[in-house]
Every structure is written in structure tokens, then in C-alpha cells.
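Engineer: Handing you a structure now.
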Amino acid sequence: MVCDDAPGFRVLMSALLREAGIAIDRQGESWEDAVRLAAGCDVVVVDLWMPEFEPAALAQVRAAVPDATLAVVTALELGDAALRVADVRVDLLLSKSTPPTEVAARIANYAAWASSG
Amino acid sequence: MSAEDGNDAEERLIHLVHDLRTPLTVISGFCELLDRQRDKLSEEQRDEYLGRVAAAAAEMRDILDRERDERLTGP
């Protein structure tokens, strides 16, 4: 699942993850969507600001998919973002400054490693 | 410029950088995809991706125009 309120980024990340071998079968644009759609996903990629950050929603997403790879991709400075998600077990915290192909590769590599263990 | 004005200006710059980052990422990402997958994409996918690039560029232009207008007229 990819959730981002920027449709261009959402479509881009979905395409790049598919290219990296991750099947994306659902997309959302809000924290409400993220909570509603997360169940059953092996890989969940969410933006932080959709349009605001909702810590309770992030916690609900993690609770819905305790074993999934949970990646947060943000345009915020990572130090600031890390403080905001500190109460939830996030597997990857990635910056939108990082080339998106690399973001997708890191998520795919982590998911492959996590599923092999 | 007072210290308060300086802080406001810095905060606006941080927000501006934040707002521009996503559409810029979209532009660079789709350009990479279009280049890498040029022989595999359908015409429909190619049109969609080009449309996304154009939309992101327009979004950046709107953000910069808004910032310029606010600086000229005040917030």
C-alpha cells in the first residue's frame, strides 16, 4: 500500500516499487485511508503529512500490520520526522530528498530481508 | 530586520523548501522512469507519466508565484 496526499508522488512510488518487485494493490491519500487499507499488506508506505501528521493513525496502521514493512517517506527533515514517529515501530524513515528510485530500492531490500528471516 | 522577523523568514523558507520538495521528487522520479522504461511503457503510461511531470512543474510554479505575491503584498 502506498498512501500520500500528493497524487504524483503516490503514483510514482507505486510504479517504482512495482519495478523493484513489490506488488502495490492499493493506494490512499489520507491517514483515514491508511488505517482503512493497511490490513493484509506486507509493505506499507506512508507519507507523514497527509495533510497533517496523525500519530494515533500511524499507531493504528502498525497495529493492523504488526509484521509488515512499514516505511514512512517524508519531506520533513529526518531529525524532526524521527521525533514525531518515535512512539511507533517504523522500519524505515526516508526522505523525499533521496532519489525516489533509491527510496523504492531501500524499501524493497528491507522487505526482502524481513521476509527471509 | 528584527529577530522576530528573522525567525518568521526562516520558518517561511523551511515551509517553502518542504512544499517544493515533493513535486521536484515527482519530476525527477518520472523522468528517470520514462528514461529507464522507455521501451516497456505503453503509450497510455507514457502519457500519464508525462502528465504527472507537467502537473508537478505547474505546482512548483504556483508555489513560487504564491511566495512571491505574499512577499510583495504581505501575508
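For the protein sequence lines, the chains are F and E, in the order given. Here the first sequence is numbered in our numbering, starting from 2 and rising by one per residue. Here the second sequence is numbered in our numbering, starting from 15 and rising by one per residue. C-beta atoms are modelled at their ideal positions from N, C-alpha and C, and glycine is treated no differently. Being a predicted model, the structure only gives us computed values, none of them experimental.
#1: Report the partner residues of Asp-48(F) according to the DSSP bridge assignment.
#2: Compute the Euclidean distance between the alpha carbons of Ala-70(E) and Ser-117(F), then round it to the nearest angstrom.
#3: Is it right to say Cys-45(E) is buried, meaning 16 or more other beta carbons lie within 10 angstroms of its own, or is it exposed?
#4: Can the beta-carbon of Arg-66(E) be found less than 8 Å from the beta-carbon of Val-46(F)?
#5: Is the Cβ-Cβ distance between Leu-93(F) and Tyr-111(F) less than 8 Å?
#6: Are there 16 or more other CB atoms within 10 angstroms of the CB of Ile-28(E), so buried, or fewer, so exposed?
#7: In the DSSP assignment, the alpha helix (DSSP H) including Leu-17(F) goes from what residue to what residue?
#8: I need the boundaries of the beta strand (DSSP E) containing Leu-94(F), first residue and last residue.
#9: Decide yes or no for the touch test of the region 28-45 of chain F against the region 58-71 of chain F: beta carbon pairs closer than 8 Å, at least 3 of them.
#10: In whole angstroms, what is the alpha-carbon distance linking Gly-41(F) and Asp-61(E)?
#11: In terms of alpha-carbon separation, which member of Asp-81(F), Glu-103(F), Thr-70(F) lies closest to Gly-20(F)?
#12: Under the rule that 16 or more other beta-carbon atoms within 10 Å means buried, what is Arg-63(F), buried or exposed?
#13: Taking its Cβ as the centre, do 16 or more other Cβ atoms sit within 10 Å of Ala-69(F), making it buried, or is it exposed?
Structural biologist: Once the coordinates are examined:
#1: Val-74(F)
#2: Answer to the nearest angstrom: the Cα atoms are 37 Å apart.
#3: exposed
#4: no
#5: yes
#6: exposed
#7: 8-20
#8: Element bounds for Leu-94(F): 93-96.
#9: Judged by Cβ distances under 8 Å, the region 28-45 of chain F makes contact with the region 58-71 of chain F, as three or more pairs qualify.
#10: Their Cα atoms are separated by approximately 32 Å.
#11: Contrary to the premise, residue 20(F) reads as Glu rather than Gly in this sequence. Of Asp-81(F), Glu-103(F), Thr-70(F), the residue nearest in Cα terms is Glu-103(F).
#12: buried
#13: buried
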